[in-house]
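Throughout, my numbering is defined as the position within the sequence shown, counted from one, plus 1. Don't be surprised by glycine CBs; every beta carbon is placed ideally from N, CA and C.
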Amino acid sequence: MIFSTISDLRTHLLPLRISQKIGFVPTMGALHAGHLALVEEALRQNEIVVVSIFVNPIQFNNPEDLAKYPRTLENDATLLYQISDKILIFAPNEKEMYAQKTQIAFQFGALEQVMEGKFRKGHFSGVATVVSRLFHIVMPDNAYFGQKDWQQCCVIKQMVDDLMFPLQLHFLPTLREITGLAMSSRNTRLSAQARTDAKCVYEGLLLVKNYILNNIGKENHILEKGQETGLNFYKSTKFEVEYLEIYQKFSLIPMPSKDYMTDIPMGVCVAGYMEGVRLIDNIMV
Ligand code: PAF
């Protein structure tokens, strides 16, 4: 069933939520196996699963990226119904979601001063606005997100904690193409050659991870050396690096190299452009 209005979806869910658990997978469509894995997990843990498909304009800081974002509702619905004909799709248009223009801006402090927050001003306020609206519309018991957007996971966790949304968050591992390239709706905008070449993004991350692990306890400037190694690696490919950084996994505080001696979980995060398409990825150490 596809719902395009908030009131229709709310009316449908109202009697069901009394006795059944609702799982929610927010997406911007152009679904791939990574999204479908979230949906399958949601189906295992809930009686009802809602998938939203909405390309949220206020989280894009680049109008060209917004215009080119793939919109494939019919195909998305087919993919979802192949898994289960019980899935409820919520596909509102912009007027429906933003009938009331938001006056509230979200701020996430240190969590958004790095990586995507630094390079895409206002991005996380846009994400938090739409996700909080969607949470109020769907009122799910469980919500599912992919770890490819790790900073987004951290920001949403902060929002859920701060605003006391009564729901459980689930962050699922990144699914990769056979080459190692992280699955992303944006991959469809790459030429076949670039899609193969883009394997360098994951290879670079593995290389930095390996470098860090093999040098723990031996070297004082692993961060610098790790970055240098990674960046040199990317330089030899067609991937234009925007950032390659090493952070504490949950606080997103940059790792000073002396702290590599500790057990603090770390994430190596990368963003950059391939054929003008922005790709991000990360790996945990
Ligand atoms: O990760 C995404 O696809 C989007 O940022 C989300 C969470 C659906 C909000 O628009």
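If you reduce the DSSP assignment to three classes, tell me which class residue i lands in.
i: S5; result: coil
i: A272; result: strand
i: F120; result: helix
i: G218; result: Only weak support is given to the placement of G218: the predicted model assigns it a pLDDT of 45, under 50, and the question is left unresolved by the model.
i: D282; result: strand
i: R177; result: strand
i: A183; result: strand
i: G205; result: helix
i: T73; result: coil
i: Q83; result: helix
i: P16; result: helix
i: P167; result: coil
Would you check whether the ligand PAF has a heavy atom nearer than 6 Å to the C-beta of residue i?
i: T130; result: no
i: M160; result: no
i: T189; result: no
i: T175; result: no
i: M2; result: no
i: N1; result: With the chain covering 2 to 286 only, the question about residue 1 has no answer from this structure.
i: T28; result: yes
i: D282; result: no
i: D9; result: no
i: D77; result: no
i: D66; result: no
i: D142; result: no
i: D150; result: yes
Chain C beta carbons: is any one of them nearer than 7 Å to that of residue i?
i: G35; result: Judged by its chain identifiers, the structure shown contains no chain C, having just a single protein chain.
Under the rule that 16 or more other beta-carbon atoms within 10 Å means buried, what is residue i, buried or exposed?
i: P266; result: exposed
i: Q194; result: exposed
i: I88; result: buried
i: S252; result: exposed
i: R190; result: buried
i: T12; result: exposed
i: Y274; result: exposed
i: M256; result: buried
i: L15; result: exposed
Quick check for students: name the residue ranges of the beta strand (DSSP E) that lie wholly in the segment 223-270, counting only runs of 3 or more. The segment 223-270 contains these whole beta strand (DSSP E) runs: 241-249.
Which full runs of the alpha helix (DSSP H) of 4+ residues lie inside the segment 32-58, going along the chain? 34-46
Whole alpha helix (DSSP H) elements within the segment 88-165, 4-residue minimum: List check, alpha helix (DSSP H) in window: 95-98, 116-120, 124-139, 151-164.
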